[in-house]
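S.K.: Dumping the structure here so I can ask a few things about it.
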Amino acid sequence: MERYFDVNWTGPAFDLFGPAHLTIVGLFALLATAMIVAGRRGPAERKDLIRRTFGALMLLNEAGTHVWKVSYGTWAVEESLPLQLCGAMAWISGSTLLFGWKKLWPMLYFFGVGGAVQGVITPNATQYGFPHYQMIETIFAHSALVVAGLWVVLVEGYRPTLRQFFTIFLGLNVAALVMYFVNLGLGSNYLFVNAKPPDASIIDAMPEWPYYIPILEVIAFVQFGVLYLPFARRGTGEVPAPARSGVRS
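The opening residue of the sequence shown carries number -4 in our numbering; numbering runs sequentially from there.
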């Protein structure tokens, strides 16, 4: 059993779009669909139980990867702090679902659905193939972010507003600017604003630093715009929680 957690993995490397990758993503998709359907059709008590349980699982999963890194001596301030978008959103999304923080729903939707999809398709687990813990943990972490974003829309009834769309986009830019200086101090590359990421990604097809950053800006704006478009004529994002729901304003 220990070899499935060993940092010096001698098993198969991650096979992008291979049988194991597609099977795990497919299983997560089925579980997510069942969870959302159960949340939509069940009573408020069951909906809250599903939401809180899933939020707790997200937090435990994220804590687990930090424990794993510390246990094998690979935790490093330059790359292990929760300062990447998906790493930060894992804690935010898990806490939001667990405690019912309604005001953070816009972050879950725009950053979760818009930001984590690539992590599901091309997870950062290149040296760890199935059935290594790190491969499964990584795919679950990114899949869970997408599910959390869909949950607040499809189950909780959240509807994004134009103001929230621009606020989220502006917030991402502010975070990127702050992270640039944090990276200079730590010698890190959080949010990939100081250099291209070392692993394969869509950024590889873009010009070198800093010229790929404006392209990422456009991609993010379009992504958020596409996510907002279905709700463009549907009023505000303030949806009253059901009477017996544990969601907080």
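Glycine included, every Cβ here is placed at the ideal spot set by N, Cα and C.
Which of helix, strand or coil does DSSP assign to W96?
M.R.: If DSSP states are grouped into helix, strand and coil, W96 belongs with the strands.
S.K.: Could you tell me which of G166, G180, A200 and L211 sits nearest to F187, measuring between CA atoms?
M.R.: With distances taken between Cα atoms, F187 lies closest to L211.
S.K.: Using 8 Å as the cut-off, can you tell me whether the stretch 144 to 158 makes contact with the stretch 97 to 107, which would need three or more C-beta pairs spanning the two stretches below that distance?
M.R.: With a cut-off of 8 Å, the stretch 97 to 107 and the stretch 144 to 158 count as touching, because enough Cβ pairs lie within range.
S.K.: How would you write the range of the alpha helix (DSSP H) that H16 sits in, first residue to last?
M.R.: Residues P14 to R36.
S.K.: Whose C-alpha, out of Y67, E73, I87 and E40, is nearest the C-alpha of A51?
M.R.: Of the candidates Y67, E73, I87 and E40, the one whose C-alpha sits nearest the C-alpha of A51 is I87.
S.K.: Output yes or no for whether 9 Å exceeds the beta carbon distance between K245 and V150.
M.R.: Here the chain has residues from -4 to 244 only, and residue 245 is not among them.
S.K.: Provide the residue span of the alpha helix (DSSP H) that contains D43, from first to last.
M.R.: Run containing D43: A39 to S66, per the alpha helix (DSSP H) assignment.
S.K.: What is the rounded straight-line gap between the Cα of N56 and the Cα of P202?
M.R.: Whole-angstrom Cα-Cα distance: 35 Å.
S.K.: Could you say which of I131, L54 and G124 lies nearest to L93 if we only look at CA atoms?
M.R.: Closest option to L93, Cα to Cα, is L54.
S.K.: Can you tell me the Cβ-Cβ gap for T91 and L103, rounded? I've got them flagged as a contact below 8 Å.
M.R.: Indeed, because the Cβ distance is near 6 Å, the residues count as touching under 8 Å.
S.K.: Output the boundary residues of the alpha helix (DSSP H) element that contains M174.
M.R.: Counting along the chain, the alpha helix (DSSP H) containing M174 begins and ends at L157 to L181.
S.K.: Decide if M(-4) is buried, meaning its Cβ has at least 16 other Cβ atoms within 10 Å, or exposed.
M.R.: Classification of M(-4): exposed, given that the 10 Å Cβ count is below 16.
S.K.: Could you spell out where the alpha helix (DSSP H) holding Y128 opens and where it closes?
M.R.: Unbroken alpha helix (DSSP H) run through Y128: Y128 to L149.
S.K.: Closer than 6 Å by C-beta to G34: which residues in its own chain qualify, once you throw out the five before and the five after it? Chain order, please.
M.R.: Excluding residues within five positions, the ones whose Cβ falls inside 6 Å are K42, I45 and V150.
S.K.: For I197, is the classification buried or exposed, using 16 other Cβ atoms within 10 angstroms of its Cβ as the cut-off for buried?
M.R.: Answer is exposed; the Cβ neighbour count stays below 16.
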